[in-house]
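Protein chains: 2
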Amino acid sequence: MEKKYDELLELLDNKKIIELRQKLINMNTADIAEFLETVPSNEIVVVFRMLPKELAAGAFSYMDVEEQEKVINLITDREISYILDELFVDDVVDMLEELPANVVKRVMKNASSETRDLINQFLKYPENSAGSIMTAEFIDLKKYMNVMQAFDRIRRTGKGKETIYTSYVVNENRQLEGVVNVKELLLSDYETKISDIMDTRVISVMTTDDQEQVSNMFAKYDLLAVPVVDTENRLVGIITVDDIIDVIEKETTEDFEKMAAMTPSERPYIRTGVFTLAKNRVFWLLILMISGTLAGSILLHYENILAAAPLLVAMVPMLTDTGGNAGSQSSSLIIRAMAVGDIKTRDILKVFWKEIRVSIIVGIVLAVANYMRIIILYPDSEMMALAVSISLVATIMMAKIIGGTLPMLVRIIKLDPAIVSGPLITTIVDIGALLVYFAIARAILGL
Amino acid sequence: MEKKYDELLELLDNKKIIELRQKLINMNTADIAEFLETVPSNEIVVVFRMLPKELAAGAFSYMDVEEQEKVINLITDREISYILDELFVDDVVDMLEELPANVVKRVMKNASSETRDLINQFLKYPENSAGSIMTAEFIDLKKYMNVMQAFDRIRRTGKGKETIYTSYVVNENRQLEGVVNVKELLLSDYETKISDIMDTRVISVMTTDDQEQVSNMFAKYDLLAVPVVDTENRLVGIITVDDIIDVIEKETTEDFEKMAAMTPSERPYIRTGVFTLAKNRVFWLLILMISGTLAGSILLHYENILAAAPLLVAMVPMLTDTGGNAGSQSSSLIIRAMAVGDIKTRDILKVFWKEIRVSIIVGIVLAVANYMRIIILYPDSEMMALAVSISLVATIMMAKIIGGTLPMLVRIIKLDPAIVSGPLITTIVDIGALLVYFAIARAILGL
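Protein chains in written order, with my numbering: chain A, 1 to 447; chain B, 1001 to 1447.
Laid out in structure tokens, this is it:
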């Protein structure tokens, strides 16, 4: 896969284990994971076992689930235990959600009872909720501590935590009272009380909040971590920015896929099988193909008009394509603006009104261009040019209004706006455009 | 804009300044900025001046450029100076890039000469390069220092730095030698030498690297900050994760816009004017409309065939729409995979081969469904059904091969693959689909 690992693979082939090990130890864990993915299946464990334990666990956490599965199937129970101890619970949960049941069983068997309880609790949160992506490894302080005691606690308990840069202040009921950054601790005297430097304007999320909402908060407030609380404001976990970047990437890719009329896939393109790719694409194509035949029936229905004025047929692709394009522009903008939180459903009337005005401007520009094109190419077709141009304005207005508001209506009924794909808009607008076109053509040309 | 600020606005209206000030002081800076954007223009400065200086500068950094401009035009030179001192250079540069020339002049006049030099240097980096988004406020250490000295330096110089959690070790030529996280400092003895705990496997970027590349590195390595070096490995700045989240959001929105055949806009939808929106959309619609007329000419050219077999016309929208949809699916997947770094241009043959196989499966499924639909709806049309179904397979194959490889070819010639929009693919595939359709129909139906 990656040329840059050829040298390492050669060392492995030639059994130059000590030299290989030395090189691996000096690499970044994410790169070691990438290298392991290029190693032939039967040798992964060889390489995995030559790494120092901590590095092996670190690399494991960066591997894709299918590679993780291979490794789990080849290592001992004891090694599994060790890895589970080193991993953050949220990473373990991510992995378990995608592993086959028998592998999950083996993993759970080797987890410490404390980890197992945590995992079970995390697995209960709905998919894509803040609860499902949080981690339980954070540092908590009490407000009566002073800075010295806080540092002590960080030094003592910080090693396995996902971040040590933000600590959370909780009361005896584990309710969240404030946050303190290491920055403030470092810049304060050792005797200062935590209650004096903690920030009580805590930005927190609920376990049930959607992960997209959470990632928009990171973007807005420039956060490194956010605390997750339950309905009684008890601190149950934190979400760190590195996990949020993965969430943003995954959510965006899903939006891209839905907006191009596909079922979202779990894996990167290059590692998805041909049958899965075909399966993800065929459903919507089939639905849209069948709806697309409606447009065909309209053409067939006006057969005699088309026979009387063949030039009318020639304008159909231009008209329907432009309608589809104009509608997709609007739907893409609106879906994206809703995803990043720039537009809320209550803005629907504003969007409606804006799209009307934009579509009038765009429609008139295109209609004028089109009118001139037709009378230049086909002189003496002024009435035809007029009919086509009026249809064009009407089509663009319809397309932009549907494109702008349909995703919002979909969100209002609690579905994902991204299912309003460009292709779906195109299919809907095609039908409307043809009906309008023939009505106008008949009226103007007297057919 | 936001209902939640109604209470604050009422306080302002009723001139309850002290109460308003008290409430603002307890708010997050990002929220204060959001509130300021809802305040009527003539009162922004009133509110701005009631804030403690530091909070005012903080809120300023979160405001949109147009609001920043309003504020700058209303405050004194002295106040500008103060804000410039408080802001990070990268934020100042972002702002200056969008302000009108006369305002830029006034801002530069009030910057300290040191800041002015930095700004000028930063403005020289190409747009969207690592250099253009980095900040010069970082903590540098020497490797002969010990942990105690490092903490001293962090305490002394840390206040105005964008992050104090990662420090960079440089030699006497300012070349980057390693990184140390506060985490390691906290977990080490005071006498430990920096050279013993620094990580020399530094992941760094060049000033000229593209920001998209940089953001993919953050995603891959879970970074909080990355050092930026010049061609001689001298440390010139750092990029922090909060800025990267903004980059990711902006780049993705641009991709969405390009892929829906629009010129990317600088501002959120809700704040973009109707004329700008229309201008951003009309260019590609016009280009595509004119190309779309080619498909119309093909229909006109085969006028006599259509007259002989009217059912053929009825299949045109289904055929061209399906082709466009199938092609957009592939182009969306490939453009996204390239954006997140999952696919490189050298994978083009793999993609080509994968798309061929996927398109055969998808094509056959749709062709069979379509064949059955036609012979059920129009009995005795087996040959017609056959012609349409074969055309469908050919169209889908063509669409997916073009959709999969065209974005990669565009990248190979150094353009942005996202310009291969769904609408563009649709227009190209329309023409090919019609040519294939008529060729096959003539051959099979003997027209």
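Glycine included, each C-beta is placed from N, C-alpha and C at the ideal position.
Examine chain B for any beta-carbon lying closer than 8 angstroms to the beta-carbon of residue i, and answer yes or no.
i: residue 86 (chain A); result: no
i: residue 329 (chain A); result: yes
i: residue 450 (chain A); result: Only positions 1 to 447 of chain A appear in the structure, and residue 450 (chain A) is not among them; the question remains open.
i: residue 332 (chain A); result: yes
i: residue 221 (chain A); result: yes
i: residue 165 (chain A); result: yes
i: residue 281 (chain A); result: yes
i: residue 428 (chain A); result: no
i: residue 321 (chain A); result: yes
i: residue 182 (chain A); result: yes
i: residue 393 (chain A); result: no
i: residue 347 (chain A); result: yes
i: residue 418 (chain A); result: no
i: residue 19 (chain A); result: no
i: residue 303 (chain A); result: yes
i: residue 300 (chain A); result: yes
List, in chain order, every chain A residue whose beta-carbon is nearer than 7 angstroms to that of residue i.
i: residue 1325 (chain B); result: 261, 285, 288, 423
i: residue 1157 (chain B); result: Residues of chain A passing the Cβ test: none, with the nearest at roughly 11 angstroms.
Any beta carbon of chain A sitting closer than 8 angstroms to that of residue i?
i: residue 1168 (chain B); result: no
i: residue 1004 (chain B); result: no
i: residue 1028 (chain B); result: yes
i: residue 1225 (chain B); result: no
i: residue 1406 (chain B); result: no
i: residue 1307 (chain B); result: yes
i: residue 1310 (chain B); result: yes
i: residue 1266 (chain B); result: no
i: residue 1058 (chain B); result: no
i: residue 1091 (chain B); result: no
i: residue 1071 (chain B); result: no
i: residue 1218 (chain B); result: yes
i: residue 1098 (chain B); result: no
Please list the terminal residues of the continuous beta strand (DSSP E) segment that includes residue i.
i: residue 288 (chain A); result: That residue, residue 288 (chain A), is in no beta strand (DSSP E); its alpha helix (DSSP H) goes 274-301.
i: residue 141 (chain A); result: 139-141
i: residue 181 (chain A); result: 176-181
i: residue 1227 (chain B); result: 1225-1229
How is the alpha helix (DSSP H) around residue i delimited, first residue to last?
i: residue 1082 (chain B); result: 1077-1086
i: residue 1515 (chain B); result: Past the boundaries of the shown model lies residue 1515 (chain B); chain B is included only from 1001 to 1447, so the question cannot be answered.
i: residue 263 (chain A); result: Run containing residue 263 (chain A): none; DSSP gives neither H nor E here.
i: residue 1366 (chain B); result: 1348-1377
i: residue 1536 (chain B); result: Look at the range of chain B in this structure, 1001 to 1447, and you will see that residue 1536 (chain B) is not part of it.
i: residue 1241 (chain B); result: 1241-1259
i: residue 152 (chain A); result: 147-157
i: residue 1102 (chain B); result: 1101-1109
i: residue 1116 (chain B); result: 1113-1123
How about residue i: is its Cβ closer than 7 angstroms to a heavy atom in the ligand GTP?
i: residue 148 (chain A); result: Summarising the ligand content, the structure contains no ligands, and the ligand GTP is consequently not present.
List, in order along the chain, the chain A residues whose C-beta lies closer than 9 angstroms to that of residue i?
i: residue 983 (chain B); result: Any question about residue 983 (chain B) goes unanswered here, given that chain B covers just 1001 to 1447.
i: residue 1438 (chain B); result: By Cβ distance, chain A contributes nothing, its closest Cβ being about 13 angstroms from residue 1438 (chain B), past 9 angstroms.
List, in chain order, every chain B residue whose beta-carbon is nearer than 7 angstroms to that of residue i.
i: residue 452 (chain A); result: Here chain A covers residues 1 to 447 and nothing more, so residue 452 (chain A) does not appear.
i: residue 292 (chain A); result: 1317, 1318, 1321, 1322
i: residue 278 (chain A); result: 1358, 1361, 1362
i: residue 154 (chain A); result: 1186
Note down, in chain order, every chain B residue with its Cβ under 8 angstroms from the Cβ of residue i.
i: residue 275 (chain A); result: 1361
Original post:
Between the segment 1353-1369 of chain B and chain A, which residues of the former have a C-beta closer than 8 angstroms to a C-beta of the latter?
Top reply: 1354, 1357, 1358, 1361, 1362, 1365, 1366, 1369
Original post:
Does the segment 229-243 of chain A come within contact of the segment 168-179 of chain A, defined as at least 3 CB pairs closer than 8 angstroms?
Top reply: yes
**OP:** Residues of the segment 239-262 of chain A with a CB closer than 9 angstroms to any CB of chain B: list them in chain order, please.
**Re:** 240, 241, 242, 243, 244, 245, 246, 248, 249, 252, 253, 255, 256, 257, 259, 260, 261, 262
Subject >> Chain-ordered residues of the segment 186-215 of chain A with a beta carbon less than 7 angstroms from chain B >> reply: 186, 187, 201, 203
Original post:
Within the chosen definition, does the segment 130-146 of chain A reach the segment 200-208 of chain A through at least 3 CB pairs nearer than 8 angstroms?
Top reply: yes
**OP:** Can you give me, in chain order, the residues of the segment 125-145 of chain A that have a beta carbon less than 9 angstroms from any beta carbon in chain B?
**Re:** none
Original post:
Do the segment 1095-1111 of chain B and the segment 1148-1156 of chain B touch if we need at least three Cβ pairs shorter than 8 angstroms?
Top reply: Too few Cβ pairs lie closer than 8 angstroms, so no.
**OP:** Check whether the segment 249-267 of chain A touches the segment 280-288 of chain A, counting contact only when three or more Cβ pairs, one atom from each stretch, lie closer than 8 angstroms.
**Re:** yes
Original post:
Using 8 angstroms as the threshold, is the segment 1322-1336 of chain B in touch with the segment 1381-1400 of chain B, meaning 3 or more CB pairs across them?
Top reply: yes
Original post:
Does the segment 1308-1319 of chain B touch the segment 237-253 of chain A, meaning 3 or more C-beta pairs lie closer than 8 angstroms?
Top reply: no
Subject >> the segment 71-85 of chain A touching the segment 40-48 of chain A, judged by at least three CB pairs closer than 8 angstroms >> reply: yes
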